[in-house]
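Just so you know, the protein sequences line up as chains A and B, in that order. Using the working numbering, you'd call the opening residue of the first sequence number 1 and step up by one each time. Using the working numbering, you'd call the opening residue of the second sequence number 1 and step up by one each time.
There are 2 protein chains.
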Amino acid sequence: MDHTRWLDDEEMRMWLAFIAAGTLVDRELDQQLKEEAGLSHLQYEILIWLNEAPDRAMRMTELAERLINSKSGLTYQIGQMEKAGLVRRRPCEWSGSGVMAELTDEGRALLERTAPGHVEMVRELIIDVLTPEQRAAIADGLGKVRDRILERKGEACW
Amino acid sequence: MDHTRWLDDEEMRMWLAFIAAGTLVDRELDQQLKEEAGLSHLQYEILIWLNEAPDRAMRMTELAERLINSKSGLTYQIGQMEKAGLVRRRPCEWSGSGVMAELTDEGRALLERTAPGHVEMVRELIIDVLTPEQRAAIADGLGKVRDRILERKGEACW
DNA sequence: TCGTAGCAGTTCAAATTTGAACTAGATACA
DNA sequence: TGTATCTAGTTCAAATTTGAACTGCTACGA
Numbered sequence: 001m002d003h004t005r006w007l008d009d010e011e012m013r014m015w016l017a018f019i020a021a022g023t024l025v026d027r028e029l030d031q032q033l034k035e036e037a038g039l040s041h042l043q044y045e046i047l048i049w050l051n052e053a054p055d056r057a058m059r060m061t062e063l064a065e066r067l068i069n070s071k072s073g074l075t076y077q078i079g080q081m082e083k084a085g086l087v088r089r090r091p092c093e094w095s096g097s098g099v100m101a102e103l104t105d106e107g108r109a110l111l112e113r114t115a116p117g118h119v120e121m122v123r124e125l126i127i128d129v130l131t132p133e134q135r136a137a138i139a140d141g142l143g144k145v146r147d148r149i150l151e152r153k154g155e156a157c158w
Numbered sequence: 001m002d003h004t005r006w007l008d009d010e011e012m013r014m015w016l017a018f019i020a021a022g023t024l025v026d027r028e029l030d031q032q033l034k035e036e037a038g039l040s041h042l043q044y045e046i047l048i049w050l051n052e053a054p055d056r057a058m059r060m061t062e063l064a065e066r067l068i069n070s071k072s073g074l075t076y077q078i079g080q081m082e083k084a085g086l087v088r089r090r091p092c093e094w095s096g097s098g099v100m101a102e103l104t105d106e107g108r109a110l111l112e113r114t115a116p117g118h119v120e121m122v123r124e125l126i127i128d129v130l131t132p133e134q135r136a137a138i139a140d141g142l143g144k145v146r147d148r149i150l151e152r153k154g155e156a157c158w
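Written out as structure tokens, the structure is:
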């Protein structure tokens, strides 16, 4: 009376590859960014998101959602980056409570200095390793995985 | 004079999906395991690896490599799990220095209790969301990504 | 105009992770 | 033998992450 649908070999092969690749890629990027710019991968992504936002600024909560990070974790990281002069906090115009995290010129400059090496590494680690067909399958497949989890959580949060 | 090969839309789509799916899946599994068994995903994987090893035991360093984890991190986690009675440490027969982490009966029992729900969740989150073609592409593609990083690091370690 | 509820962020303590330094058991070889 | 080296694990302090509790606004209904 074991209803469990265990993973078959092919499924297991995929699962192991998925887990390991995710961990390894993240680790490598973290290390390179640390060396080149003293940033963690998370901090780098904060710079990226802010840089692409209108006015290079975003609400804390929205930023946390984009990053898939807890609110308190973001408070901490923004604190660190503020000390380092990479971002600045200011109250949100509409909203009363509400804080905008804003990229400073220094943060933007660091991002621009760092981005080429980072993209290079992303290509080397994953993009250029895959065939266009594999990239398409991963974009479609994992995109769906992501979207389903996000909607599943609905408004659940941290 | 910008030689950087920036990511095109299709590449970026894949990259974002890859990063987000990895983070989200890990988070969900962590949460479910915590609720059902009081385990982190990492601890669950320790149980899995040990359970599949000959004699249900493995050297610390090898285990750390399999898990893609730092040695000191593993020392900590094995310590926690030892307190909880899930694993046991014993000296390695050959090797003098060298410690084997060994699954206890209690650890094995917990794993067996927990595995069905975990597999269920893995299916729901990712396996059953993908088409067989996507699974094959991911297994091949990300398998290659993983293997290249592992060989790149060669004997480099923590 | 209160009082309650909800939202946005922060704070705080506890758990975990990191990486560098350290210890002890081999190994090698002069 | 004696010394330098290497490997396997551990320890330790610092950085980060977590989740729960808390603070300040806003909105809403009585």
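Virtual Cβ for every residue (Gly too), placed ideally from N, Cα, C.
is_contact[residue i, chain A] using C-beta, thresh 8 Å
{"i": "B:A53", "result": "no"}
{"i": "B:M58", "result": "no"}
{"i": "B:I78", "result": "no"}
{"i": "B:T34", "result": "Per the sequence shown, the amino acid found at residue 34 of chain B is Lys instead of Thr. No, B:K34 lies away from the interface with chain A (no Cβ there is under 8 Å from its Cβ)."}
{"i": "B:W15", "result": "yes"}
{"i": "B:K144", "result": "yes"}
{"i": "B:A20", "result": "yes"}
Cβ neighbour criterion (16 or more within 10 Å) applied to residue i
{"i": "B:L50", "result": "buried"}
{"i": "B:E93", "result": "exposed"}
{"i": "B:A109", "result": "exposed"}
{"i": "B:R56", "result": "buried"}
{"i": "B:H41", "result": "buried"}
{"i": "A:T4", "result": "exposed"}
{"i": "A:T131", "result": "exposed"}
{"i": "A:R135", "result": "buried"}
{"i": "A:G141", "result": "buried"}
{"i": "A:G79", "result": "exposed"}
Beta carbon of residue i nearer than 8 Å to that of residue j
{"i": "B:I127", "j": "A:L16", "result": "no"}
{"i": "B:A139", "j": "A:E10", "result": "yes"}
{"i": "B:L67", "j": "B:E35", "result": "no"}
{"i": "A:V99", "j": "A:R89", "result": "yes"}
{"i": "B:L74", "j": "B:L63", "result": "yes"}
{"i": "B:M81", "j": "B:Q32", "result": "no"}
{"i": "A:L29", "j": "A:M121", "result": "yes"}
{"i": "B:A137", "j": "A:A137", "result": "yes"}
Coil, strand or helix - residue i by DSSP
{"i": "B:L33", "result": "helix"}
{"i": "A:D93", "result": "For the record, residue 93 of chain A in the displayed sequence is Glu; it is not Asp. The answer is coil: DSSP assigns A:E93 none of H, G, I, E or B."}
{"i": "A:A53", "result": "coil"}
{"i": "B:L103", "result": "strand"}
{"i": "A:R5", "result": "coil"}
{"i": "B:M12", "result": "helix"}
8 Å Cβ cutoff, residue i in contact with chain B
{"i": "A:T23", "result": "yes"}
{"i": "A:E133", "result": "yes"}
{"i": "A:G73", "result": "no"}
{"i": "A:L63", "result": "no"}
Report task. Please determine if the segment 98-105 of chain B and the segment 56-68 of chain B are in contact, where contact requires at least 3 C-beta pairs separated by less than 8 Å. Result -> Contact annotation: the segment 98-105 of chain B touches the segment 56-68 of chain B, with at least three C-beta pairs closer than 8 Å.
**Report entry** Contact the segment 15-33 of chain B vs the segment 141-151 of chain A: 3+ CB pairs below 8 Å
**Finding:** At 8 Å Cβ cutoff, the stretches touch.
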